[in-house]
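Here is the structure we will look at, set down as C-alpha cells.
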Amino acid sequence: MIAAVSTANAPGAVGPYSQAIKASNLLFVSGQLPIDPATGEFNSANAVEQAEQCLKNLAAIARAAGSELSKTVKTTVLLTDLADFADINRVYAGFFTTPYPARACYEVKALPKGAKVEIEAIIALD
Numbered sequence: 111m112i113a114a115v116s117t118a119n120a121p122g123a124v125g126p127y128s129q130a131i132k133a134s135n136l137l138f139v140s141g142q143l144p145i146d147p148a149t150g151e152f153n154s155a156n157a158v159e160q161a162e163q164c165l166k167n168l169a170a171i172a173r174a175a176g177s178e179l180s181k182t183v184k185t186t187v188l189l190t191d192l193a194d195f196a197d198i199n200r201v202y203a204g205f206f207t208t209p210y211p212a213r214a215c216y217e218v219k220a221l222p223k224g225a226k227v228e229i230e231a232i233i234a235l236d
C-alpha cells in the first residue's frame, strides 16, 4: 500500500509531489529545502544553518509518519558548493548516531528557490 504523509510542521511541497510517501515499511521523504514552516521562508542564507533546517524538516515528517530520524537508512545531500561539505557534515552528525545512514552527497549547479542545501531521506517505519 502507498500513502502520502503530510505535516504542517514541515514546509509544503513547492510542486506536484508529496512531502513523503509510505510504501510498505519505508518512508520516502522528498528533498527538504531550508524553509521554516512557521514563516514559509528560508531560515538563513548560511549553508550550515540551511542544512540544520532541512534536517529539522526531515525529522518533522518522520514524526508525522510515526517514525524518527534514528531509523533513517539513506540520505542524499545536495549542495551548491562542496566547499561547505565539512561544516555541513558537523551539523549532520548532530542529527544522527551510529549506525549512520548510508549517504550520497552531490554538488549541483542550482537548487529550487536559490537554496544552498537540500536533503532527502529514506526512513524505516518499524
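First residue of the sequence shown: 111, per this note's numbering; consecutive thereafter.
The beta carbon of each residue, even a glycine, is placed where N, CA and C say it ideally should be.
Note that the structure is predicted; figures quoted are calculated from it, not measured.
Residues near residue i in its chain [Cβ-Cβ closer than 8 Å; skip 5 each side]
i: residue 189; result: 157, 195, 198, 215, 216, 217, 218, 226, 227
i: residue 150; result: 121
i: residue 175; result: 115, 130, 132, 137, 233, 235
i: residue 207; result: 180
i: residue 127; result: 140
i: residue 191; result: 157, 217, 226
Rounded separation between residue i and residue j - CA only
i: residue 121; j: residue 154; result: 15 Å
i: residue 185; j: residue 129; result: 15 Å
i: residue 210; j: residue 220; result: 27 Å
i: residue 169; j: residue 180; result: 9 Å
i: residue 160; j: residue 178; result: 20 Å
Buried versus exposed, by CB contacts within 10 Å (16 or more), residue i
i: residue 222; result: exposed
i: residue 141; result: buried
i: residue 135; result: exposed
i: residue 112; result: exposed
Proximity of residue i and residue j at Cβ, strictly below 7 Å
i: residue 162; j: residue 115; result: no
i: residue 230; j: residue 139; result: yes
i: residue 233; j: residue 133; result: no
i: residue 165; j: residue 205; result: yes
Contacts around residue i, its chain only, beta-carbon distance under 7 Å, and the 5 residues preceding and following it disregarded
i: residue 212; result: 183, 184
i: residue 236; result: 135
i: residue 118; result: 147
Own chain, CB closer than 6 Å to residue i, minus 5 neighbours either side, in chain order
i: residue 187; result: 215, 229
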